[in-house]
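**Student:**
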Amino acid sequence: MSKLFLILSTIKYLKPIQIYYRLFYFVRNRFFKKSYSKKLSGNIIPLVWDDIIFSNHSYTKNKIFKFLNINQEFKSNIDWNYNCYGKLWVYNLNYFDFLNQKEMSSKEGIGLILNYIESDETLLDGKEPYPISLRGVNWIKFLSKYKVKNHLINQVLYNHYQILLKNLEYHLLGNHLLENGFSLLFGAYFFKDDIFYNKAIKIIYKELNEEVLEDGAHFELSPMYHQIILFRLLECIHLLNNNFWKNDELLIFLISKASMMLGWLDLVTFSDGSIPMVNDSAHGIAPNSKELFKYAEVLNLSYKTNTLGDSGYRKYNSEFYELFLDVGDIGPSYQSGHAHSDTFNFVLYVKGFPFIVDRGISTYESNSLRQIERGTKSHNTVEVHEIDQSEVWCGFRVGNRAKIISIAESDNSIKSTHNGYKKYDVFHSREWVMKSSSIVIKDTFNGENKLNKKAFFHLHPSVIKCSILGTKVLINDIEILFNGDIVSIEKKNYKYASGFNKQEDAILLEISFYKLLETQINI
């Protein structure tokens, strides 16, 4: 019965269009077989294209691929359905990002595409709309860069776009549907196809207006996905700048959204060029901030840094530290697959180096590790009664979730309250006060409830010395003082995710208390 309530508490946040398309695609694909072959007529002239950002090195000769920090060598023919390392690995194999790595030759790339086409009838994950979207862009960029004119390749690519057109990810929405739209735009320009174009601009206008918040953040609130979407947006601007086909206002619209996203990224990027690894952000996946700003410069794009607002994130900088914190809701409510149970989480860099960090993620598989990495205790916030603030479950699901019920802020302080534990009649308030060389964090809980609370502080793996002296913790030349109705202060170990399938040992401070905890970090 509890599982049923969890499912219902998740479904209630979905949009009707998501439920409709889940049912529609299920019935249609199970009971009605459809052919997506459509004869391509006329000659296809490759687009004008040159790479500004190259893909990560993921392929070497002799059929060796590396995705998500896992290598796989295919001794004979490449198995494009190879799923021994999970769905995300085989997705990456089917994206064909490696076509646009710096060392890829025309001959090698064409050979890989033709090898893939030989398996076209037996492809599984590769025929899903998301990998079709990413692969379509990568094939078009590669074919255009090397001026490849191959009717067989063009025909298969055209057929894959027919599949995408009839299987757009309206059941997911969010970044998936936006990627569908971006890819259809590339397909439209490559094939000079008005059907692709009209669908693409309909999706792009609607989704970007919804997905780019007023402060410039991507609404799924993952800095990594923000970088990915911004990269694709810059690619589309690059496409339109160099290929004159349609005369409309799309380019102006794309530039305006890119400028907003660049401004937000500039605000949240740390001085060492890294981003906060929150909400399904992982190392080594997206183009980094430096590359994206350089891309924007090449495209002659300008941007202004505004202030952080409706994303729920805030960032404070002093001479000695950079503090990134979260006082927002899980968002968007209907697409929370990349959200974590991390309300009031924060990340702290000291003198340009990571000090208190988000644990990050190392897997997308629906397993116990994924559950742990999304849970409250894996973030720098407070857990009550060993229960998550928000009901994260099944890899990419969220049931009932914490909501911000009050917020007040000034230039150097912010205080907020969330209701993630309202079933216990408990409300958590956290206040940050920022001074030039110190930060005070005050956690308070209402009422007389004696449920145990635990605050967590995840130290970066580079921190190897940590001494507890009563209610004082010494870490190199940094002093952390704890006050309140404290039960215990313990030093524990945790696994820091330094990438997919890659973890490092690190130190965790766990403070048990009842109603009040005041933490002062002196730098």
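As numbered in the numbering used here, the sequence shown has no gaps in its residue numbers, which increase by one up to the final residue, 1327.
We put the beta carbon where it would ideally sit given N, CA and C, even for glycine.
Return helix, strand or coil for S1075, following the three-state DSSP convention.
**Tutor:** The residue you call residue 1075 lines up with position 271 of the sequence shown. The answer is coil: DSSP assigns S1075 none of H, G, I, E or B.
**Student:** Under 9 Å, do V1072 and P1136 count as touching if we go by C-beta distance?
**Tutor:** Numbered from 1 along the sequence shown, position 268 holds the residue referred to as residue 1072. Numbered from 1 along the sequence shown, position 332 holds the residue referred to as residue 1136. No, the Cβ-Cβ distance between V1072 and P1136 is not below 9 Å.
**Student:** Cα separation between Y1298 and L1278?
**Tutor:** Residue numbering aside, residue 1298 sits at position 494 when the sequence shown is read from its first letter. Residue numbering aside, residue 1278 sits at position 474 when the sequence shown is read from its first letter. Roughly 19 Å separates the two Cα atoms.
**Student:** Quick check on the DSSP output: what are the complete beta strand (DSSP E) runs of length 3 or more inside the region 976-1044, in order along the chain?
**Tutor:** none
**Student:** Rounded to the nearest angstrom, what separates E1015 and K1276 at their Cα positions?
**Tutor:** Within the sequence shown, residue 1015 is the residue found at index 211, counting from 1. Within the sequence shown, residue 1276 is the residue found at index 472, counting from 1. Straight-line Cα distance between these residues: approximately 44 Å.
**Student:** Closer than 7 Å by C-beta to I874: which residues in its own chain qualify, once you throw out the five before and the five after it? Chain order, please.
**Tutor:** Indexing the sequence shown from 1 puts residue 874 at position 70. The answer, listed in chain order, is Y889, W893 and N1305.
**Student:** Around the Cβ of S948, are there at least 16 other Cβ atoms within 10 angstroms (buried) or fewer (exposed)?
**Tutor:** The residue given as residue 948 occupies position 144 in the sequence shown. Label assigned to S948: buried.
**Student:** Considering only residues of the region 1214-1243, which uninterrupted beta strand (DSSP E) runs meet the minimum length of 3 residues and lie entirely inside it, listed in chain order?
**Tutor:** 1217-1222 and 1232-1238
**Student:** May I ask you to list the residues that DSSP assigns as paired with G1203?
**Tutor:** As a first step, residue 1203 is located in the sequence shown; it is residue number 399 there, counting from the start. Bridge partners of G1203: none, in fact.
**Student:** Helix, strand or coil: how does DSSP classify G915 here?
**Tutor:** Taking the sequence shown and counting its residues from 1, the one referred to as residue 915 is at position 111. Helix.
**Student:** Give me the residue from P1265, E1190 and I1218 with the minimum Cα distance to S1316.
**Tutor:** The residue you call residue 1316 lines up with position 512 of the sequence shown. It is E1190 whose Cα lies nearest to the Cα of S1316.
**Student:** Hey, how far is the Cα of S859 from the Cα of F1260?
**Tutor:** Here residue 859 is taken as the residue at index 55 of the sequence shown, counted from 1. Here residue 1260 is taken as the residue at index 456 of the sequence shown, counted from 1. One C-alpha to the other measures close to 36 Å.
**Student:** K1061: beta carbon under 8 Å from a heavy atom of the ligand FMN?
**Tutor:** Only the bare structure without any ligand can be found here, which leaves the ligand FMN out of the picture.
**Student:** Near I1041, which residues of its chain fall below 8 Å by C-beta distance, leaving aside the five closest residues on each side in sequence?
**Tutor:** Residue mapping note: residue 1041 aligns to position 237 of the sequence shown, counting from 1. Counting only Cβ-Cβ distances below 8 Å, and skipping sequence neighbours, we find L1055, L1058, I1059, A1062, L1103 and L1105.
**Student:** What span of residues does the alpha helix (DSSP H) with I815 cover, start to end?
**Tutor:** Here the question's residue 815 lines up with position 11 in the sequence shown. Note, I815: alpha helix (DSSP H), S806 to I815.
**Student:** Does L1038 have its Cβ less than 9 Å from a Cβ in chain C?
**Tutor:** Of the protein chains in this structure there is only one, and it is not chain C.
**Student:** Using DSSP with H/G/I as helix, E/B as strand and the rest coil, what is I821?
**Tutor:** The count along the sequence shown starts at 1 and reaches residue 821 at position 17. Note: I821 maps to helix in three-state DSSP.
**Student:** Just to confirm the assignment, what range does the beta strand (DSSP E) spanning H1262 have?
**Tutor:** As a first step, residue 1262 must be located in the sequence shown, where it is residue number 458. First-last of the beta strand (DSSP E) with H1262: K1257 to H1262.
**Student:** Could you spell out the range, first to last residue, of the beta strand (DSSP E) harbouring L1273?
**Tutor:** Here residue 1273 corresponds to residue number 469 of the sequence shown, with the count starting at 1. Segment S1271 to L1273, the beta strand (DSSP E) holding L1273.
**Student:** Starting from S1292, follow its DSSP beta bridges and name the residues at the other end.
**Tutor:** Residue numbering aside, residue 1292 sits at position 488 when the sequence shown is read from its first letter. Per DSSP, S1316.
**Student:** Mapping the DSSP letters down to three states, classify V1196 as helix, strand or coil.
**Tutor:** The sequence position of residue 1196 within the sequence shown is 392, counting from 1. Here V1196 sits in strand by DSSP.
**Student:** Helix, strand or coil for E907, going by three-state DSSP, please let me know.
**Tutor:** Along the sequence shown, read from residue 1 onward, the residue named residue 907 stands at position 103. If DSSP states are grouped into helix, strand and coil, E907 belongs with coil.
**Student:** The beta strand (DSSP E) with Q876 in it runs from where to where?
**Tutor:** Taking the first residue of the sequence shown as position 1, residue 876 is located at position 72. Looking at the DSSP string, the run of the beta strand (DSSP E) that includes Q876 is I874 to E877.
**Student:** Would you identify the three-state DSSP class for V831, choosing helix, strand or coil?
**Tutor:** For this step, residue 831 is matched to residue 27 along the sequence shown. Three-state result, V831: helix.
**Student:** Applying the criterion that 16 or more other CB atoms from any shown protein chain within 10 Å of the CB defines a buried residue, is R834 buried or exposed?
**Tutor:** For the purposes of this step, residue 834 is identified with residue 30 of the sequence shown, where counting begins at 1. By the neighbour-count rule (16 or more Cβ atoms within 10 Å), R834 is not buried but exposed.
**Student:** Which same chain residues, not among the five before or five after D1076, have their C-beta less than 6 Å away from its C-beta?
**Tutor:** Counting from one through the sequence shown, the residue named residue 1076 turns up at place 272. Answer for D1076: G1156, listed in chain order.
**Student:** Just to confirm, is the Cβ distance from Y934 to Y895 under 9 Å?
**Tutor:** The residue labelled residue 934 in the question sits at position 130 within the sequence shown. The residue labelled residue 895 in the question sits at position 91 within the sequence shown. Closer than 9 Å, so yes.
**Student:** Helix, strand or coil: how does DSSP classify L961 here?
**Tutor:** In the sequence shown, residue 961 corresponds to position 157, counting from 1. In the structure shown, L961 sits in a helix (DSSP, three-state: H, G or I).
**Student:** Of the choices F1148, R1201 and R1163, whose alpha-carbon is the least far from that of N1171?
**Tutor:** Position 367 of the sequence shown, counted from the start, is the residue given in the question as residue 1171. Looking at the Cα atoms, R1201 is the closest of the given residues.
**Student:** Mind pulling the beta strand (DSSP E) runs of 3 or more residues that sit fully within the region 1061-1122?
**Tutor:** Segments of the beta strand (DSSP E) lying fully in the region 1061-1122: 1117-1121.
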